[in-house]
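See below for the structure under consideration.
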Amino acid sequence: MGSPEEHRQLSEAEIARLVAGLRRILATDSLLVEREDLVPYECDGLTAYRQLPLLVALPTTEEQVVAVLKLCHELRVPLVARGAGTGLSGGATPVKHGVVLSLAKFMRILDIDPVARTARVQPGVRNLAISEAVAPCNLYYAPDPSSQIACTIGGNVAENAGGVHCLKYGLTVHNVMRLRVALIDGTVVEIGSEGLDAPGYDLLALMIGSEGMLGVVLEATVKLTPKPQLAQVVMASFDDVVKAGNAVADIIAAGIIPAGLEMMDKPATAAVEDYVHAGYDLNAEAILLSESDGTPEEVAEEIAAMCAVLEKSGATEIRVSRDEAERLKFWAGRKAAFPAVGRITPDYLCMDGTIPRKHLARVLTRIAELSQKYNLRCANVFHAGDGNLHPLIMFDANREGEVERATGYGGKILELSVEVGGTITGEHGVGIEKVNQMCVQFSKEELAAFHGVKAAFDEHTLLNPGKAVPTPRRCSEYRLTGSAK
Amino acid sequence: MTDLTEQLRERVLAAAADKAPLCIRGGGTKDFYGNAPAGARLGTTNHAGIVAYEPTELVVTVRAGTRLAELEAALDEQGQMLAFEPPHFSLPSPASGRGTGGEGATVGGCVASGLSGPRRATAGSVRDFVLGVKLLDGKGEILNFGGQVMKNVAGYDVSRLMAGALGTLGLLLEVSLKVLPKPPAETTLRLDLPQDKAIETMNRWGGQPLPISATCWSDGHLTVRLSGARAAVAAARGKIGGESVADAETFWRGVREQQTDFFSGAGTLWRLSLPAKTPPLSLPGAPLIEWGGALRWLTFDGPADTVRAAVSQAGGHATLFRGGNESVGAFQPLPLPLMAIHKNLKRSFDPQGLFNPGRLYPEL
Chain A
0 MGSPEEHRQL SEAEIARLVA GLRRILATDS LLVEREDLVP YECDGLTAYR QLPLLVALPT
60 TEEQVVAVLK LCHELRVPLV ARGAGTGLSG GATPVKHGVV LSLAKFMRIL DIDPVARTAR
120 VQPGVRNLAI SEAVAPCNLY YAPDPSSQIA CTIGGNVAEN AGGVHCLKYG LTVHNVMRLR
180 VALIDGTVVE IGSEGLDAPG YDLLALMIGS EGMLGVVLEA TVKLTPKPQL AQVVMASFDD
240 VVKAGNAVAD IIAAGIIPAG LEMMDKPATA AVEDYVHAGY DLNAEAILLS ESDGTPEEVA
300 EEIAAMCAVL EKSGATEIRV SRDEAERLKF WAGRKAAFPA VGRITPDYLC MDGTIPRKHL
360 ARVLTRIAEL SQKYNLRCAN VFHAGDGNLH PLIMFDANRE GEVERATGYG GKILELSVEV
420 GGTITGEHGV GIEKVNQMCV QFSKEELAAF HGVKAAFDEH TLLNPGKAVP TPRRCSEYRL
480 TGSAK
Chain B
0 MTDLTEQLRE RVLAAAADKA PLCIRGGGTK DFYGNAPAGA RLGTTNHAGI VAYEPTELVV
60 TVRAGTRLAE LEAALDEQGQ MLAFEPPHFS LPSPASGRGT GGEGATVGGC VASGLSGPRR
120 ATAGSVRDFV LGVKLLDGKG EILNFGGQVM KNVAGYDVSR LMAGALGTLG LLLEVSLKVL
180 PKPPAETTLR LDLPQDKAIE TMNRWGGQPL PISATCWSDG HLTVRLSGAR AAVAAARGKI
240 GGESVADAET FWRGVREQQT DFFSGAGTLW RLSLPAKTPP LSLPGAPLIE WGGALRWLTF
300 DGPADTVRAA VSQAGGHATL FRGGNESVGA FQPLPLPLMA IHKNLKRSFD PQGLFNPGRL
360 YPEL
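Read top to bottom, the protein sequences are chains A and B.
Reminder that position 413 of the first sequence reads as 412 in numbering that gives the first Met the number 0, one-by-one numbering, no gaps.
Reminder that position 248 of the second sequence reads as 247 in numbering that gives the first Met the number 0, one-by-one numbering, no gaps.
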């Protein structure tokens, strides 16, 4: 079964047939074959891994997508679908002997239905563009990954993208109702419905988060949420990360589900404050942002309750946003955490484990110890409400051995997440980055079941081969040596 | 409170050796649902108990045979709930033919049936709250998918795939569910409205930030439940209007358990799942409408094709829920390419077709 290294190389004749076939399907400027044109596609947001594809197809119509799929299926050529390429796990990293199928030209919002509160969009539509387009109807699309300015809904579906508001409003899987999908043989199917359920197995749940390995999204119908009348955020400082972690549990125990509940440790706060000047408390060991939204009465009630809990939990300073401008300022730092860290280090790796929140102290302590061991700095931002931790490992790829050290450090953090009962990835996907750690989280039989799901949609392993689910061979190598090619 | 994993595994292995199909069964409260059960009965009710429950993590892990009522009581003690408000569907009591309150329903059956109750339209469905499963596949392997955390994208989402699969892909051993705090305030209001106006009204409300947690239209009355912060419920009450409903809890339980007058008649009961804004369908008889218009119940003894054609034209699907001619199949037939994927999945998880054969579709 497919991993890139195992995928067969195409003969010259096969490549010629592929190119000739694609030329018949696509306009001249929709097929990239020259090296300089392929370079922009050699990686996604995981820039440490680069691979030039054989060629890039940029279809503009559904018929073209279907024809490209049919051709690749017939010639058994692997194919990697790609949106904006903002993914952080290498889900869109090309396959050497394969085609990149860019959906970037599918940028149309096909239908907005304010009564049904749905939008039907093409896969290349940006996440934020949906919310902007439906804002006049007082609606928005709830999942808001940090990359929402750039990332596309097709990519969000592939990764089951989250965001800072998903504790209350859910992930992509909770906000997509229906997908129009092209299967590898070019068959087009509708999965899900514009009602609240569909007959048969929940294939929609399988498609969402499948990292482009089961089908190509042609259209998505998303659920829109009424905009709350008001949102307000509390920013609390703590002199100890454990206290901050306990404060999160105390908020939940008080029966409050904040619209957003985020935490940053001291290194993250320092990086962010230097970048956005949001007025963060630089003396705090941890900062907690807890948001309430709803009617003005509801928000007042909830903010008061949150403040009472935070005070009791030992917050050293509590500030409540006084207006929308201040609320956005409080959030600006958290939302810009990745670029802020990017400013203070040549390179960084963003980890994405989710842990049961009760183990936060243990995990953060261990991350700090590992930081010493690997001699690399690490800043932590944390979707505290749902336990999704983003340690940002800082390194310099130009320094001998640092890439390997950073990758090794990251791998240890992921294994630690599994050890405490969590998962290696909460919202960024496995891609190629975490494929080895899948061998730690899942048994041979469980991985075989995943391959079974894959085969149910794509028996020749042509869609995004080598991603997300490791082959048994790869796992035995990894288990033996602690590393795999 | 026992772990019968090994015994259940032995039963599956024996069935696999004999190629003898199994009918997985919890409390038997949903025997009526789907196509007729077949195979040797494999009971799960003794494989019971809450394995882990951490209220501040908003997650509970339970063995599949655990009584739904027991789980709900444990959550209630901590001020939490299953937000999808699942129906229990009790065994009919021999005396009245009506339900007894649903003591028998199990968590496994709840997940396998994938049925959600009145709060579904705003809170989400069973599958939305499934975080992880432990199951036995058709080869007798014990497999874990998902986990006890809220965000998890490692591997395909096999856990949610089990919700509504009617046990055809594996025997559920344990499930982890997201739980939520119970709302601090709740109130129920009733307005007099004809069907078309009620559908319009529910959709209009749906587009506003109102704390609506359930709607039900029947026989000219639209009943609305508001849940949330005290202030939010009080403010919304003014916007909705209508009269307060006394003993609202009984009313919503009745809707959930199908014990209101609407459900008491004889005849074939259809479950129609539709886009919420669909105007009244041109089918004979008046429906009971839930989920802001997205779920409609209809008693209709005419041809299945008539119902299914009308509903699919509106973008929905129709399930033969209770009674009627079983030969038409409980569930709306699937397009061929989707059925092909279903068959592949079935073959992958249950190569010999041991689990609940035909319960979902004759082909599976």
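We put the CB at the ideal spot given by N, CA and C, even for glycine.
Note that this is a predicted model, so its numbers are computed, not measured.
When you compare the CB positions of residue i and residue j, do they come within less than 8 Å of one another, or not?
i, j, result
"G332 (chain A)", "A277 (chain A)", "yes"
"V310 (chain B)", "L319 (chain B)", "no"
"N343 (chain B)", "E445 (chain A)", "no"
"V306 (chain B)", "L268 (chain B)", "no"
"R295 (chain B)", "L271 (chain B)", "yes"
"L170 (chain B)", "F354 (chain B)", "yes"
"L391 (chain A)", "C438 (chain A)", "no"
"L205 (chain A)", "L462 (chain A)", "no"
"G205 (chain B)", "R116 (chain A)", "yes"
"I317 (chain A)", "V233 (chain A)", "yes"
Mind checking residue i: buried by the 16 CB within 10 Å criterion, or exposed?
i, result
"I24 (chain A)", "buried"
"Q331 (chain B)", "buried"
"G266 (chain B)", "exposed"
"S289 (chain A)", "buried"
"S263 (chain B)", "exposed"
"R179 (chain A)", "buried"
"S115 (chain B)", "buried"
"I152 (chain A)", "buried"
"D292 (chain A)", "buried"
"G284 (chain B)", "exposed"
"E323 (chain A)", "exposed"
"V38 (chain A)", "exposed"
"I148 (chain A)", "exposed"
Work out the CA separation of residue j and residue i for me, nearest whole Å.
i, j, result
"A234 (chain B)", "F88 (chain B)", "35 Å"
"R404 (chain A)", "L70 (chain A)", "42 Å"
"A94 (chain B)", "T43 (chain B)", "Since pLDDT at A94 (chain B) reaches only 44, below the 50 mark, its modelled position is unreliable, and no value is offered."
"A12 (chain A)", "V32 (chain A)", "16 Å"
"N245 (chain A)", "L172 (chain B)", "32 Å"
"M0 (chain A)", "G400 (chain A)", "Low local confidence applies: a pLDDT of 35 at M0 (chain A) is under 50, so the model's placement there is unreliable, with the coordinate-based value given in what follows. About 32 Å."
"P257 (chain A)", "E476 (chain A)", "44 Å"
"E189 (chain A)", "A396 (chain A)", "44 Å"
"S112 (chain B)", "L51 (chain A)", "47 Å"
"T424 (chain A)", "G409 (chain A)", "12 Å"
"V64 (chain A)", "E84 (chain B)", "42 Å"
"S92 (chain B)", "A153 (chain B)", "Here S92 (chain B) scores only 46 on pLDDT, less than 50, and its place in the model is too uncertain to base an answer on."
"Q440 (chain A)", "E414 (chain A)", "8 Å"
"V11 (chain B)", "S226 (chain B)", "44 Å"
"P356 (chain B)", "I23 (chain B)", "10 Å"
"P183 (chain B)", "C215 (chain B)", "22 Å"
Which class does residue i belong to by DSSP, given the choice of helix, strand or coil?
i, result
"V94 (chain A)", "coil"
"T171 (chain A)", "helix"
"R118 (chain B)", "coil"
"D136 (chain B)", "coil"
"G1 (chain A)", "Bear in mind that the predicted position of G1 (chain A) carries a pLDDT of just 37, short of 50, making it too unreliable to give a figure here."
"C215 (chain B)", "strand"
"Y458 (chain A)", "For clarity, residue 458 (chain A) is Glu in the given sequence; the question names Tyr instead. Three-state DSSP puts E458 (chain A) in coil, outside helix and strand."
"D395 (chain A)", "coil"
"D260 (chain B)", "helix"
"E310 (chain A)", "helix"
"G153 (chain A)", "helix"
"M161 (chain B)", "helix"
"F144 (chain B)", "strand"
"P469 (chain A)", "coil"
"M149 (chain B)", "coil"
"A270 (chain A)", "helix"
"T424 (chain A)", "coil"
"N34 (chain B)", "coil"
Handout entry: Runs of beta strand (DSSP E) lying entirely within the region 323-379 of chain A, each at least 3 residues, in chain order
Key = 346-349
Handout entry: alpha helix (DSSP H) runs wholly inside the region 165-215 of chain A, at least 4 long, in chain order
Key = 165-168, 171-174, 202-206
Exercise for the section: Kindly provide the ranges of any beta strand (DSSP E) runs that are 3 or more residues long and lie completely inside the region 52-78 of chain B, ordered along the chain. Expected result: 58-62
Problem - Whole alpha helix (DSSP H) elements within the region 61-109 of chain A, 4-residue minimum - result: 61-74
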